[in-house]
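Report on the following structure.
Protein chains: 2
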Amino acid sequence: MNKKVTFSDIAKYTNVSKMTVSRYFNDPGSLTPETKGKIEKALKELNYKSNKVAKILANGRSEFIGIIIPELFFDYYSQVLNEILTTYNDFNYKFLVFAGNHDQELEKKYIEELLAYQVEGLIILSYTLPSEVLKEYNIPIVTIEREDQYVTSINTNNYLGAQLAAEHLIQDQCDILININSFVRENVPAYDRIRGFEDTCRQNQIPCKIIQKNFKNDYDVTYELLDSVYQHLESEYSNKRKGVFLSNDNYANIFLNILIKNKKQIPEEYEIIGFDNTISKESIIPITTVAQNIQKIARSAVEELKEQIESKDSEKKSEIRHVIIDPQLIIRGTTGKNSYTAE
Amino acid sequence: MNKKVTFSDIAKYTNVSKMTVSRYFNDPGSLTPETKGKIEKALKELNYKSNKVAKILANGRSEFIGIIIPELFFDYYSQVLNEILTTYNDFNYKFLVFAGNHDQELEKKYIEELLAYQVEGLIILSYTLPSEVLKEYNIPIVTIEREDQYVTSINTNNYLGAQLAAEHLIQDQCDILININSFVRENVPAYDRIRGFEDTCRQNQIPCKIIQKNFKNDYDVTYELLDSVYQHLESEYSNKRKGVFLSNDNYANIFLNILIKNKKQIPEEYEIIGFDNTISKESIIPITTVAQNIQKIARSAVEELKEQIESKDSEKKSEIRHVIIDPQLIIRGTTGKNSYTAE
DNA sequence: TTGTACGCGTTATCAT
DNA sequence: ATGATAACGCGTACAA
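For the record, the sequence lines run as chains A and B. Residue numbering for the first sequence follows full-length UniProt numbering, beginning at 1 and increasing consecutively. Residue numbering for the second sequence follows full-length UniProt numbering, beginning at 1 and increasing consecutively.
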């Protein structure tokens, strides 16, 4: 390892100034082929390795973007992070990633740390800090699928997703439509899954029931809660065709398992639709689900951030924007009267 | 945002030198309470924000660790990444993360980029670059669950995992033990799942069959391949009690679904054991599985890296180490004659 | 096309 | 306990 080779070393070796070496990288067109060749040779022979930290200090552009996710045990976050990381190939931003673990104080600390490293922007998937607080950091920010009143955001068109689900269940002639959800606040995007579902039922004059439970991030708790929901539905709507829309694939999968164990006919007695298109395909009956366009969400997030970062330079203050990405209904075996087979 | 507040600004404001301001952060014990107070006040009043990029350039310690994962669609990688990120709270390393997407050239490029940002070490989960190549970068490196001959690594005790699985199936009086695997090379840790399985069968004089298929990262392909395996097992071992050990939970789940659809009795006719403890719990029958101790794997990786980083300073060259973490068998509904119920 | 001088914000070193 | 000065490695601005 010894000492690092710098522009000065290359400059001495080639009898040019270090500015010329710098230009070799940043403005090669301005060099004669000769000097270019000399420098190229020297770089190889001295085994030069660039130091971007010095570059940041000199020109102020870190090309860092900070990401704060709640965690990676939930497939949705993993997939979004995966797609964000992949944008490196097109946008060249480097990503410093923190897992907030649902802890507000921790997340504040993480943001301070990210700012210290001169990140040019933040992508926030965690939800503990209100957007009003986020905006105060005065740095380009994009949030994804969370409360977003005061900041630019990318969200799925949850309303449309719920609408597609409800319409599909109605078309399949379900007698009663049920939405199973956790207690989401009205100001988060996911609440539109309830609004869209209710509105669609009302417009089609189909009975509709919203069931909200205090789901934890725990399989057994979720199982118990959904089992009680099942009992309730059985007693309440015994001889009706039930169309059930759950707020994510994990819930949908567990609910499906409960139905199967109780020997229910699917999709004859129950139709099921999940959300997120994560594990739904791997269920005992592949589950119809609303798929978010995660790649588009991720790319849009980086694009919006890039725009903010660049408009910051040119003094045009960019307005807050809320980008909405349409989801897609993926029809599988838990809906459609003739589809009780695997794909 | 205006101009950034620096140590110089604080120094002028308080009539001390910027060195004293620096000491306020790095060696506060050496300051008098008075100056400490003055500086503290100035930091608040001028709203100072630290710049760690300048700090890196000055002292050479970035506190960055680079991570290269193949992708995040596979739960195992997500969980490992999650646990690595969480070590920030104890070790204070910041993580620059790249998704290699199984592309060797891309990964080389990513490593160069990471080196340019002065990362102090690398954690490699991707497998495209041989450890012989990795070692040549001459920087602290730890690999996780991949070929590791020339570098320090953290791996699960795959041999033990397979042994636990085989012993459990034998104890449950299976007549024939089957291991379903992809074509893994003999020099990757996962190959020990085959070795451990075979050895245990041999020692117990139980018939054993290793089936390797060319699994892709695709549900439908995997389904077809496992369906053909099922057909094969049915014709070959029709009235024997079959104990099947699959190399991950996804395969185990799909195989289980195939058995259920064919109305096989589980665990009477087939016993199933998966690996990784990811989706096994959410299957129609919760699947017995070998759980890797992911938290320990992640922490060990960071600890080993830290040791390498620190011993690098003190000129003691640290030896290559291969740390082995024991997994644990989690018994659920797909094994054990009396356990055909959910947990 | 190439060079000079200086600055980026911090720490290291040697003084006092 | 505090300060002066020189790094760290690169880019900007202006000059030649």
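Just so you know, even glycine gets a beta-carbon here, dropped at the ideal spot from N, CA and C.
{"query": "Cβ of Tyr340 (chain A) within 8 Å of any chain B Cβ", "result": "Reliability of the predicted coordinates at Tyr340 (chain A) is poor, the pLDDT of 36 falling under 50, and the value obtained from them is presented with this limitation in mind. False, the Cβ-Cβ gap to chain B never drops below 8 Å."}
{"query": "Beta strand (DSSP E) runs contained entirely in the stretch 251-326 of chain A, provided each spans 3 or more residues", "result": "270-275, 288-291, 322-325"}
{"query": "Distance between beta carbons of Tyr251 (chain A) and Leu226 (chain A), contact taken as under 8 Å", "result": "7 Å"}
{"query": "Any 3 or more C-beta pairs closer than 8 Å across the stretch 263-279 of chain A and the stretch 80-87 of chain A", "result": "no"}
{"query": "Contact set for Ser283 (chain A): own chain, Cβ-Cβ below 7 Å, skip 5 residues either direction", "result": "Asn253, Leu256"}
{"query": "Inter-residue Cα distance where the pair is Phe197 (chain B) and Val244 (chain B)", "result": "11 Å"}
{"query": "Stretch-stretch touch, CB-based, cutoff 8 Å, three pairs: the stretch 198-207 of chain B with the stretch 159-166 of chain B", "result": "yes"}
{"query": "Contacts of Phe73 (chain A) in chain B (Cβ-Cβ under 9 Å)", "result": "Asp75, Ser78, Gln79, Asn82"}
{"query": "Contact the stretch 288-300 of chain A vs the stretch 104-120 of chain A: 3+ CB pairs below 8 Å", "result": "no"}
{"query": "Identity of the residue in A:Tyr219, A:Arg185, A:Ser153 nearest Glu307 (chain A) by Cα", "result": "A:Ser153"}
{"query": "Terminal residues of the alpha helix (DSSP H) in which Gly196 (chain B) lies", "result": "192-203"}
{"query": "Cβ-based neighbour list, Gln149 (chain A), same chain, cut-off 6 Å, excluding 5 preceding and 5 following", "result": "Ser131"}
{"query": "The stretch 83-107 of chain B: positions lying closer than 8 Å to chain A by Cβ", "result": "Leu85, Thr86, Tyr88, Asn89, Lys94, Phe95, Leu96, Val97, Phe98, Ala99, Asn101, Leu106"}
{"query": "Cβ pair Glu145 (chain B), Arg61 (chain B) closer than 8 Å", "result": "no"}
{"query": "Contact between the stretch 155-162 of chain A and the stretch 325-333 of chain A (3+ Cβ pairs under 8 Å)", "result": "yes"}
{"query": "Beta-carbon proximity check, Ile67 (chain B) vs Val53 (chain A), cutoff 8 Å", "result": "no"}
{"query": "Of the listed residues A:Asp90, A:Phe74, A:Pro70, A:Leu106, nearest to Ile123 (chain A) (C-alpha basis)", "result": "A:Pro70"}
{"query": "Within chain B, partners of Lys49 (chain A) - CB distance below 9 Å", "result": "Glu112, Leu115, Ala116"}
{"query": "Short-range partners of chain B found in the stretch 212-234 of chain A, where Cβ spacing is below 7 Å", "result": "Tyr219"}
{"query": "Neighbourhood of Lys18 (chain B) by C-beta distance below 6 Å, restricted to the same chain and skipping five residues each side", "result": "Phe7, Ser8, Ala11"}
{"query": "Inter-residue spacing [alpha-carbon to alpha-carbon] between Gly259 (chain A) and Asp220 (chain A)", "result": "Note that residue 259 (chain A) is Leu in the sequence shown, not Gly. The straight-line gap from Cα to Cα measures roughly 16 Å."}
{"query": "Same chain, Cβ closer than 8 Å to Leu46 (chain B), neighbours up to 5 away in sequence not counted", "result": "Val5, Asp9, Ile10, Tyr13"}
{"query": "C-beta neighbour in chain A for Leu57 (chain B), strict 8 Å", "result": "yes"}
{"query": "Chain A within 8 Å of Glu282 (chain B), Cβ atoms only", "result": "yes"}
{"query": "Identified DSSP bridge partners for Asn155 (chain B)", "result": "B:Ile324"}
{"query": "Contacts of Ser62 (chain B) in chain A (Cβ-Cβ under 8 Å)", "result": "Val53"}
{"query": "Boundaries of the beta strand (DSSP E) in which Val97 (chain B) is found, first to last residue", "result": "94-99"}
{"query": "C-beta neighbour in chain B for Asn257 (chain A), strict 8 Å", "result": "yes"}
{"query": "Where Gly60 (chain A) falls: helix, strand or coil (DSSP)", "result": "coil"}
{"query": "Short Cβ contact (8 Å threshold) for Thr128 (chain A) with Gln104 (chain A)", "result": "yes"}
{"query": "Any C-beta of chain B under 8 Å from that of Asn250 (chain A)", "result": "yes"}
{"query": "Coarse secondary structure for Ser235 (chain B), derived from DSSP in three states", "result": "helix"}
{"query": "Whether Leu72 (chain A) touches Gln265 (chain B) by CB criterion (8 Å)", "result": "no"}
{"query": "Span separating the alpha-carbon of Ser280 (chain A) from that of Ala190 (chain A)", "result": "19 Å"}
{"query": "Members of the stretch 170-184 of chain A that neighbour chain B once the beta carbon cut-off is set at 8 Å", "result": "none"}
{"query": "Ile111 (chain A) versus Ile210 (chain A): straight-line alpha-carbon distance, rounded", "result": "37 Å"}
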